[in-house]
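Novice: One structure is given below, represented as structure tokens, and several questions about it will come after.
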Amino acid sequence: ELDDGLDEAFSRLAESRTNP
Amino acid sequence: SGTGIVTGSYVAPKTVWLHAMKGKGLEISGTFARRSGATFMDLHFTNRALQVMSDFAIQFNRNSFGLAPAAPLQIPTPLAPNQSTEVSLPLNTIGSVMKMEPLNNLQVAVKNNIDVFYFSVVYPLHILFVEDGKMERQMFLATWKDIPNENEAQFQIRDCPPSADAVSNKLQASNIFTVARRTVEGQDMLYQSLKLTNGIWVLAELRMQPGSPSCTLSLRCRAPEVSQFIFQAYEMVLK
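Written as structure tokens, this is what we have:
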């Protein structure tokens, strides 16, 4: 599966929103 | 139904828009719907007068999203006393635009052989959510960052469905698309997008609290004045 880095980017977004 | 199957965009029950007292015997109830990529005004006309009604026509005043009838009002005339009829009026969004207060207010004029009658209705914004409103993931992330924090509005939605899947399916049926989903510290976070008929994109984060029927909706949009109405649409669709 092609890792385009977007999965990781969404994880970082979600974490930054939960623990700003 | 309890099966979890969601079909079509949410349609609110019809409410009375023109009371017979104000319509010289003409009573109109209605609702708005989106079906197969098009918007409709679903109307129920009742003749509560003692005389026959005929020569019906409908017109809208200018409004925020350019809503206009896409075809003439088709009422089988004459409408005899105590007779009712249902009509589905197709709408387009290529009419004249004028910002209304509230934004989703629509002023309607209906005429028949007796008189012309005026009434105002508010429409739920999800009837303007288009079918190609799912934003590409890369574009979503870039746009989310690009929209200033001041443009973010937060709302609490009570009585959300209990599972993220149910929420996502329900919203998708009304053209609110889940772009990504994450679980952080037990909280389900849904990243969603929608696009209005006038091309305005809205990005959303829906945060579901484990074991709580309430969820937090954060909306980011370059036209933040629509956020309140997007929230109302979410509430309506989810409830």
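Protein chains in written order, with our numbering: chain X, 164 to 183; chain V, 803 to 1041.
Ideal Cβ positions, reconstructed from N, Cα and C, are used throughout, including at glycine.
#1: Name the chain X residues whose beta carbon is nearer than 7 Å to that of V:GLN940?
#2: If we require 3 or more residues per run, which beta strand (DSSP E) segments fall completely within the region 814-897 of chain V?
#3: Would you verify that the beta carbon of V:GLU952 is, or is not, closer than 9 Å to some beta carbon of chain X?
#4: Quick one: does V:ARG1022 have its CB under 9 Å from some CB of chain X?
#5: Per DSSP, what kind of secondary structure is V:ASN971 in: helix, strand or coil?
#6: Got a sec: is the Cβ-Cβ distance from V:PHE1033 to anything in chain X below 9 Å?
#7: Among residues of its own chain, excluding the 5 on either side of V:ILE916, which ones have a beta-carbon nearer than 6 Å to its beta-carbon?
#8: Can you check the region 915-960 of chain V for any beta strand (DSSP E) of at least 3 residues that lies completely inside it and give the ranges in chain order?
#9: To which residues of the same chain is V:ALA872 closer than 6 Å at the C-beta, ignoring the five residues directly before and after it?
#10: Over the uninterrupted beta strand (DSSP E) stretch that includes V:THR985, give me the two end residues.
#11: What does V:GLN989 reach in chain X if we use C-beta pairs closer than 8 Å?
#12: Checking contacts by CB at 9 Å: is V:ALA982 closer than that to chain X?
#13: Spatial neighbours of V:ASN907 within its chain, please: C-beta separation below 8 Å, excluding the five flanking residues on both sides.
#14: Could you have a look at V:THR999 and say whether DSSP puts it in helix, strand or coil?
#15: According to the neighbour-count rule (16 or more other Cβ atoms, all chains shown, within 10 Å of its Cβ), is V:LEU881 buried or exposed?
#16: Could one say the Cβ of V:LEU943 lies closer than 9 Å to chain X's Cβ atoms, at least one of them?
#17: Which residues in chain X sit within 9 Å of V:TYR993, going by Cβ to Cβ distance?
#18: Report the three-state DSSP secondary structure of V:MET902 (helix, strand or coil).
#19: Measure the C-alpha to C-alpha separation of X:LEU176 and V:LEU927 and round it to an integer number of angstroms.
Specialist: On the basis of the coordinates in this document:
#1: What V:GLN940 touches in chain X: LEU169.
#2: 817-820, 828-837, 840-849, 859-862 and 886-894
#3: no
#4: Interface flag for V:ARG1022 against chain X is unset, since no Cβ pair is found closer than 9 Å.
#5: helix
#6: no
#7: LYS826
#8: Secondary structure remark: continuous beta strand (DSSP E) runs of at least 3 residues inside the region 915-960 of chain V, in chain order: 918-924 and 954-959.
#9: PRO892, LEU893 and ASN894
#10: 979-986
#11: For V:GLN989, the residues of chain X that pass the 8 Å Cβ criterion are THR181, in the order they occur in the chain.
#12: yes
#13: ASN865, SER866, SER922, VAL923 and VAL924
#14: In the structure shown, V:THR999 sits in coil (DSSP, three-state: anything other than H, G, I, E or B).
#15: buried
#16: yes
#17: PHE173, LEU176 and ALA177
#18: In the three-state DSSP reduction, V:MET902 falls in the coil class, being neither helix nor strand.
#19: 28 Å
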